[in-house]
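Colleague:
2 protein chains.
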Amino acid sequence: MRIESVDLFYLSMPEVLDIGDGSQDALLVRVRAGQWTGWGECEAAPLASIASFVCPMSHSACKPVAASVIGQTIHSPADIKRIGDLVRAESLDLLQAAHTLSGIDMALWDLLGQREGTPVWRLLGYRRAFPKTPYASMLFGDTPAETFAKARATAFRAAKFGWGPIGKGTPAQDAAHIHAAREGLGPEKHLLVDIGTVWEEDVERAALTLPALQECGAVWLEEPFVSGALAAYAALAPRAGAVKLAAGEGSHNIYMARQLVDHAAIGFLQIDAGRIGGVTVAKEAADYASARGVTYVNHTFTSHLALSASLAPYAGLERDEICEYPVEPKALALAITSNHLTPGDGGLLRVSDAPGYGMTINTQALAPYLVDCEIRVGGRALYTTPSLLD
Amino acid sequence: MRIESVDLFYLSMPEVLDIGDGSQDALLVRVRAGQWTGWGECEAAPLASIASFVCPMSHSACKPVAASVIGQTIHSPADIKRIGDLVRAESLDLLQAAHTLSGIDMALWDLLGQREGTPVWRLLGYRRAFPKTPYASMLFGDTPAETFAKARATAFRAAKFGWGPIGKGTPAQDAAHIHAAREGLGPEKHLLVDIGTVWEEDVERAALTLPALQECGAVWLEEPFVSGALAAYAALAPRAGAVKLAAGEGSHNIYMARQLVDHAAIGFLQIDAGRIGGVTVAKEAADYASARGVTYVNHTFTSHLALSASLAPYAGLERDEICEYPVEPKALALAITSNHLTPGDGGLLRVSDAPGYGMTINTQALAPYLVDCEIRVGGRALYTTPSLLD
Numbered sequence: 001m002r003i004e005s006v007d008l009f010y011l012s013m014p015e016v017l018d019i020g021d022g023s024q025d026a027l028l029v030r031v032r033a034g035q036w037t038g039w040g041e042c043e044a045a046p047l048a049s050i051a052s053f054v055c056p057m058s059h060s061a062c063k064p065v066a067a068s069v070i071g072q073t074i075h076s077p078a079d080i081k082r083i084g085d086l087v088r089a090e091s092l093d094l095l096q097a098a099h100t101l102s103g104i105d106m107a108l109w110d111l112l113g114q115r116e117g118t119p120v121w122r123l124l125g126y127r128r129a130f131p132k133t134p135y136a137s138m139l140f141g142d143t144p145a146e147t148f149a150k151a152r153a154t155a156f157r158a159a160k161f162g163w164g165p166i167g168k169g170t171p172a173q174d175a176a177h178i179h180a181a182r183e184g185l186g187p188e189k190h191l192l193v194d195i196g197t198v199w200e201e202d203v204e205r206a207a208l209t210l211p212a213l214q215e216c217g218a219v220w221l222e223e224p225f226v227s228g229a230l231a232a233y234a235a236l237a238p239r240a241g242a243v244k245l246a247a248g249e250g251s252h253n254i255y256m257a258r259q260l261v262d263h264a265a266i267g268f269l270q271i272d273a274g275r276i277g278g279v280t281v282a283k284e285a286a287d288y289a290s291a292r293g294v295t296y297v298n299h300t301f302t303s304h305l306a307l308s309a310s311l312a313p314y315a316g317l318e319r320d321e322i323c324e325y326p327v328e329p330k331a332l333a334l335a336i337t338s339n340h341l342t343p344g345d346g347g348l349l350r351v352s353d354a355p356g357y358g359m360t361i362n363t364q365a366l367a368p369y370l371v372d373c374e375i376r377v378g379g380r381a382l383y384t385t386p387s388l389l390d
Numbered sequence: 001m002r003i004e005s006v007d008l009f010y011l012s013m014p015e016v017l018d019i020g021d022g023s024q025d026a027l028l029v030r031v032r033a034g035q036w037t038g039w040g041e042c043e044a045a046p047l048a049s050i051a052s053f054v055c056p057m058s059h060s061a062c063k064p065v066a067a068s069v070i071g072q073t074i075h076s077p078a079d080i081k082r083i084g085d086l087v088r089a090e091s092l093d094l095l096q097a098a099h100t101l102s103g104i105d106m107a108l109w110d111l112l113g114q115r116e117g118t119p120v121w122r123l124l125g126y127r128r129a130f131p132k133t134p135y136a137s138m139l140f141g142d143t144p145a146e147t148f149a150k151a152r153a154t155a156f157r158a159a160k161f162g163w164g165p166i167g168k169g170t171p172a173q174d175a176a177h178i179h180a181a182r183e184g185l186g187p188e189k190h191l192l193v194d195i196g197t198v199w200e201e202d203v204e205r206a207a208l209t210l211p212a213l214q215e216c217g218a219v220w221l222e223e224p225f226v227s228g229a230l231a232a233y234a235a236l237a238p239r240a241g242a243v244k245l246a247a248g249e250g251s252h253n254i255y256m257a258r259q260l261v262d263h264a265a266i267g268f269l270q271i272d273a274g275r276i277g278g279v280t281v282a283k284e285a286a287d288y289a290s291a292r293g294v295t296y297v298n299h300t301f302t303s304h305l306a307l308s309a310s311l312a313p314y315a316g317l318e319r320d321e322i323c324e325y326p327v328e329p330k331a332l333a334l335a336i337t338s339n340h341l342t343p344g345d346g347g348l349l350r351v352s353d354a355p356g357y358g359m360t361i362n363t364q365a366l367a368p369y370l371v372d373c374e375i376r377v378g379g380r381a382l383y384t385t386p387s388l389l390d
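Respectively, the protein sequence lines represent chains A and B. For what it's worth, our numbering labels the leading residue of the first sequence as 1, then goes sequentially. For what it's worth, our numbering labels the leading residue of the second sequence as 1, then goes sequentially.
#1: Would you list, in sequence order, the uninterrupted alpha helix (DSSP H) runs of no fewer than 4 residues that lie entirely inside the region 292-353 of chain B?
#2: Comparing C-alpha positions only, which one of A:R258, A:L269, A:T300, A:S310 sits nearest to V279 of chain A?
#3: What in chain A is Cβ-close to A181 of chain B, meaning under 8 Å?
#4: Just the Cα atoms here: how many angstroms apart are A315 of chain A and R128 of chain A?
#5: Hey, H263 of chain A and D21 of chain B are a contact pair by Cβ (cut 8 Å); roughly how many whole angstroms apart?
#6: Closer than 8 Å by beta-carbon distance: list the chain B residues that pair up with C42 of chain A, in chain order.
#7: So, under 8 Å CB-CB, D105 of chain B and G40 of chain B are touching, yes? Tell me the CB distance rounded to an integer number of Å.
#8: Taking 8 Å as the CB-CB limit, is T101 of chain B close to chain A?
#9: Looking only at its chain, what residues have a beta carbon closer than 6 Å to the beta carbon of C62 of chain B, apart from the 5 residues adjacent to it on each side?
#10: Which two residues bound the contiguous alpha helix (DSSP H) that contains A78 of chain A?
#11: Of all Cβ atoms in chain A, is any one closer than 8 Å to the Cβ of V392 of chain B?
#12: Can you look up V261 of chain B in the DSSP assignment and give me helix, strand or coil?
#13: Between S303 of chain B and I83 of chain B, what straight-line distance do the alpha-carbon atoms span, to the nearest angstrom?
#14: Identify the contact partners of Q24 of chain B in chain A, using a Cβ-Cβ distance below 7 Å as the criterion.
#15: For the region 180-203 of chain B, which residues have a CB atom closer than 9 Å to at least one CB atom of chain A, in sequence order?
#16: Which residues in chain B sit within 7 Å of M256 of chain A, going by Cβ to Cβ distance?
#17: What residues from the region 321-333 of chain A come within 7 Å of chain B, judged by C-beta to C-beta, listed N to C?
#18: Among the residues of its own chain, which have a CB less than 8 Å from the CB of K168 of chain B, if the five just before and after it don't count?
#19: Short of 7 Å Cβ to Cβ, which residues in the region 374-389 of chain B face chain A?
#20: Any idea what DSSP makes of V279 of chain B, helix, strand or coil?
#21: Output the distance between the C-alpha atoms of K132 of chain A and I322 of chain A, rounded to the nearest integer angstrom.
#22: Taking Cβ positions only, does D21 of chain A come closer than 8 Å to chain B?
#23: Thinking G241 of chain A and Q270 of chain A are a contact (beta carbons under 8 Å), I'd like their distance in whole angstroms, please.
#24: Are the C-beta atoms of D174 of chain B and some chain A residue less than 8 Å apart?
#25: What are the partner residues of C373 of chain A, as DSSP defines its beta bridges?
#26: What residues in its chain sit with their C-beta under 8 Å from that of M13 of chain B, if we drop five residues either side in the sequence?
#27: Where does G71 of chain A land, buried or exposed, given buried means 16+ other C-beta within 10 angstroms?
#28: Hey, how far is the Cα of I375 of chain B from the Cα of I74 of chain A?
#29: Could you give the distance in angstroms between the alpha-carbon of M359 of chain A and the alpha-carbon of T337 of chain A?
#30: Check whether the Cβ of H252 of chain B lies closer than 8 Å to any Cβ atom in chain A.
#31: Verify the contact flag: N298 of chain B, CB atom, against every heavy atom of the ligand ZN, threshold strictly below 7 Å.
#32: I need the straight-line Cα distance from P144 of chain B to A246 of chain B, nearest angstrom please.
#33: Ignoring anything shorter than 4 residues, give me the alpha helix (DSSP H) runs that lie fully in the region 116-153 of chain B, in order along the chain.
#34: Between which residues of its own chain and T363 of chain A is the CB-CB distance below 8 Å, once the five residues before and five after are set aside?
#35: Just reading off the alpha helix (DSSP H) that Y357 of chain B is part of, what are its end residues?
#36: Alpha carbon to alpha carbon, how far is A176 of chain A from G217 of chain A?
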């Protein structure tokens with residue numbers, strides 16, 4: 001089979017708010033080869049990712065992503081790896097390429113899964129998929145009282161609060177939110193806290209919020225620092241005691257993930273398959289972390305297509321049992337698939353056993369969200385929004 | 001002063017060849033504030049960088065670069081740093097943003113230099129600028145005979161050969177090219193070799209080409225591996241003996257540069273101010289390397305605007321005396337400025353003492369290279385090519 005087409009769909013809520021909610025728009029990818037169709041999703045700025053797919057070549061190591069994908073043969077997982085390697089080499093100097101590739105790689109695995117009648121996790125080499133314990137991923141409230149109410153309302157056994165006011169005010173304000181979250185959850189449920197990189201690399205500022213995290217028995221402190229601040233992570237980790245550090249969502253290649261494992265003393269490696277280069281690279285990261293005693297966990301804040309795809313890379317790792325589950329998605333994120341992954345017995349999330357990711361794209365429902373977009377260069381249209389219904 | 005406008009100009013040769021020559025197109029940046037104008041250049045894919053400047057917001061940490069720049073006050077270097085920090089925070093999840101910011105940061109320093117009547121290197125805190133020894137930066141020939149002829153023809157005291165066939169064939173083929181380069185240069189001139197990342201992280205493959213590099217007395221082996229492959233660099237360095245490893249052009253933030261210094265055992269840190277986040281971050285990288293005994297060197301393959309800007313971050317570091325000098329630029333790269341930096345007495349390159357980068361943009365000459373471009377989203381034109389002559 002040859003890859004005949006790669007279509008990128010920019011979807012958006014009518015209004016995008018200035019909040020830390022990544023489900024407000026989406027870049028959906030449809031790949032076709034032979035009689036098969038695969039779907040993927042970039043966790044990325046849609047317009048910049050589209051531009052990196054279609055842009056004119058700048059030189060031999062700065063080609064559009066499309067040049068390394070369209071027309072390639074695709075028969076096996078090895079072909080997906082080969083195509084990814086080609087994109088990384090031929091688009092070496094095109095920074096956005098990793099995000100664009102991620103959704104394409106994801107779609108190629110789905111396509112192979114459809115053809116084989118097999119779930120992607122099995123194509124990745126796992127013999128069984130273990131159920132995961134989902135944690136409810138949500139934003140902090142604007143006030144501790146709001147945070148308390150959100151925590152109180154969750155039915156999940158674990159909950160992560162992040163972004164919003166956390167880390168931006170005083171340590172006392174952080175503490176008020178963290179205690180409110182713990183009180184709302186009660187003593188039994190797992191609490192996770194996400195700072196969203198706002199302390200950049202300020203270890204001492206981070207240390208001031210450690211006591212509240214320790215008092216409240218937080219499982220992890222996520223992204224106190226930006227992805228590259230390895231030395232800051234390594235300095236904070238021994239001071240955090242039982243609170244483990246979690247990071248990795250910013251990784252856009254395997255090396256960034258490895259460096260966090262090797263040099264940042266993290267306890268949890270969080271990988272977004274929609275950013276790191278797709279399911280292929282996410283699986284490499286899971287293997288690397290697993291071999292070194294670091295727990296792998298998905299990063300997912302968007303659709304259930306992305307959610308299902310993000311579970312495949314570590315579906316077979318029994319010890320890596322928690323998974324991120326977005327509980328405040330915008331209507332768009334839910335509309336992308338007509339079926340959804342919901343926690344079942346014992347609150348556990350079961351990875352789909354159906355072909356590919358087991359998700360059905362609801363193209364009819366997406367029409368109202370489709371953003372009309374055109375890119376013209378030198379009088380030629382390099383991109384016009386394709387039809388979802390073709 | 002407020003930043004009133006940021007204009008991005010996509011310039012290109014009529015034909016872009018599939019070779020490792022980054023001077024075939026350019027993304028020029030013009031910033032205006034008060035009565036002043038500054039110019040910069042992104043070493044980046046123009047269309048994707050333009051898209052990242054104008055794209056609609058996806059969420060609070062994925063905003064277009066423009067949102068953090070237009071309308072900001074600009075009075076001092078601290079303002080440039082503040083604007084860069086804002087871009088990094090508000091465009092955290094927009095991968096291309098670092099490349100786009102680079103040209104803007106560069107232009108902001110030029111603008112302040114124009115207003116102060118002072119060269120940028122002085123604004124950066126240096127009291128004097130030391131002349132640099134330029135090395136002629138060129139591509140390997142297709143055959144060793146061609147490489148020999150190119151080496152023979154150079155008038156420079158040092159020459160770097162890179163890309164083309166090197167590393168893609170057998171170690172014996174590499175050796176033939178490296179020996180041809182040395183023979184062409186003669187025994188006195190400095191030889192530098194650039195593999196262009198093609199060995200990715202294959203230490204043993206790299207080791208097979210070390211003997212030729214050692215026999216020919218190469219000063220450095222540049223980018224045998226991709227930017228993130230820290231462990232591969234660290235493994236190769238002790239086996240390379242007197243041949244030092246050089247890397248860093250792929251750095252798009254300060255952390256990547258620091259990691260190369262801390263974990264990759266490199267001897268030379270090569271920074272492209274048009275990629276790492278501009279002159280501000282390049283200066284941070286120079287300070288970091290200098291304090292740790294690693295030699296800083298510019299990476300420049302485009303215009304003399306980019307060349308002058310790339311020298312400012314280490315103009316005052318006397319010991320870091322070599323600089324990259326592109327000797328095979330396409331006509332476009334030369335047309336960008338009406339004046340040029342050329343080696344003078346003793347073959348040394350003197351950093352400009354004129355305000356800003358001391359370069360005059362030749363807007364008249366650029367008209368034939370200007371690429372007409374339009375980006376429309378939801379029926380609204382987010383970008384149309386601005387006029388160079390406004």
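Positions of the beta carbon are idealized from the N, C-alpha and C atoms, including for glycine.
Modeller: According to the structure data:
#1: 304-311, 331-335
#2: Looking up residue 279 of chain A in the first sequence gives position 279. Out of A:R258, A:L269, A:T300, A:S310, A:S310 has the C-alpha closest to the C-alpha of V279 of chain A.
#3: Here residue 181 of chain B corresponds to residue number 181 of the second sequence, with the count starting at 1. Simply none; closest approach about 20 Å.
#4: Along the first sequence, one-based indexing puts residue 315 of chain A at 315. Along the first sequence, one-based indexing puts residue 128 of chain A at 128. One C-alpha to the other measures close to 8 Å.
#5: Residue numbering aside, residue 263 of chain A sits at position 263 when the first sequence is read from its first letter. Residue numbering aside, residue 21 of chain B sits at position 21 when the second sequence is read from its first letter. 35 Å between Cβ atoms; not a contact.
#6: Looking up residue 42 of chain A in the first sequence gives position 42. Simply none; closest approach about 10 Å.
#7: In the second sequence, the residue the question calls residue 105 of chain B occupies position 105. In the second sequence, the residue the question calls residue 40 of chain B occupies position 40. D105 of chain B to G40 of chain B, Cβ: 7 Å. Contact.
#8: Numbered from its first residue, the second sequence carries residue 101 of chain B at position 101. Reading off the sequence, residue 101 of chain B comes out as Leu, not Thr. Taking Cβ atoms only, chain A never reaches closer than 8 Å to L101 of chain B, which makes this a no.
#9: The residue given as residue 62 of chain B occupies position 62 in the second sequence. So the qualifying residues of the chain are D93, L94.
#10: The count along the first sequence starts at 1 and reaches residue 78 of chain A at position 78. That run of the alpha helix (DSSP H) goes 77-90.
#11: The shown model of chain B, from 1 to 390, leaves out residue 392 of chain B, and the question about it has no answer.
#12: The sequence position of residue 261 of chain B within the second sequence is 261, counting from 1. If DSSP states are grouped into helix, strand and coil, V261 of chain B belongs with the helices.
#13: The residue given as residue 303 of chain B occupies position 303 in the second sequence. The residue given as residue 83 of chain B occupies position 83 in the second sequence. Near 25 Å, if we compare the C-alpha coordinates of I83 of chain B and S303 of chain B.
#14: Indexing the second sequence from 1 puts residue 24 of chain B at position 24. Here the neighbours are S58, H59.
#15: G196, T197, V198, E200, E201
#16: Within the first sequence, the letter at position 256 stands for residue 256 of chain A. Those within 7 Å of M256 of chain A in chain B are G228.
#17: none
#18: Locating residue 168 of chain B in the second sequence gives position 168, counting from the first residue. Excluding sequence neighbours, K168 of chain B sits near V198.
#19: E374, I375, R376, V377, G378, G379
#20: For the purposes of this step, residue 279 of chain B is identified with residue 279 of the second sequence, where counting begins at 1. Here V279 of chain B sits in helix by DSSP.
#21: Residue numbering aside, residue 132 of chain A sits at position 132 when the first sequence is read from its first letter. Residue numbering aside, residue 322 of chain A sits at position 322 when the first sequence is read from its first letter. Using only the alpha carbons, I get a separation of about 5 Å.
#22: In the first sequence, residue 21 of chain A corresponds to position 21, counting from 1. Closer than 8 Å to some Cβ of chain B, the Cβ of D21 of chain A qualifies, so yes.
#23: Sequence index remark: in the first sequence, residue 241 of chain A carries index 241 (1-based). Sequence index remark: in the first sequence, residue 270 of chain A carries index 270 (1-based). With a Cβ gap of about 20 Å, G241 of chain A and Q270 of chain A do not count as contacting.
#24: Taking the first residue of the second sequence as position 1, residue 174 of chain B is located at position 174. Chain A contact via Cβ: absent.
#25: As a working mapping, residue 373 of chain A is identified with position 373 in the first sequence. DSSP output for C373 of chain A lists B:V377 as bridge partner(s).
#26: The count along the second sequence starts at 1 and reaches residue 13 of chain B at position 13. Correct list, in chain order: Q24, D25, K330, A331, L332, Y369.
#27: The sequence position of residue 71 of chain A within the first sequence is 71, counting from 1. The residue in question, G71 of chain A, is exposed, as its Cβ has fewer than 16 Cβ neighbours within 10 Å.
#28: Mapped onto the second sequence, residue 375 of chain B falls at position 375. Mapped onto the first sequence, residue 74 of chain A falls at position 74. Answer to the nearest angstrom: the Cα atoms are 32 Å apart.
#29: Sequence index remark: in the first sequence, residue 359 of chain A carries index 359 (1-based). Sequence index remark: in the first sequence, residue 337 of chain A carries index 337 (1-based). Whole-angstrom Cα-Cα distance: 6 Å.
#30: In the second sequence, the residue the question calls residue 252 of chain B occupies position 252. Closer than 8 Å to some Cβ of chain A, the Cβ of H252 of chain B qualifies, so yes.
#31: For the ligand ZN, the structure offers nothing, since it holds no ligand at all.
#32: For the purposes of this step, residue 144 of chain B is identified with residue 144 of the second sequence, where counting begins at 1. For the purposes of this step, residue 246 of chain B is identified with residue 246 of the second sequence, where counting begins at 1. Roughly 23 Å separates the two Cα atoms.
#33: 120-123, 144-153
#34: One-based indexing of the first sequence puts residue 363 of chain A at position 363. Cβ within range, chain order: L388, L389.
#35: Taking the first residue of the second sequence as position 1, residue 357 of chain B is located at position 357. Y357 of chain B -> no alpha helix (DSSP H), and no H or E assigned at all.
#36: Here the question's residue 176 of chain A lines up with position 176 in the first sequence. Here the question's residue 217 of chain A lines up with position 217 in the first sequence. When rounded, the distance between both Cα atoms is 14 Å.
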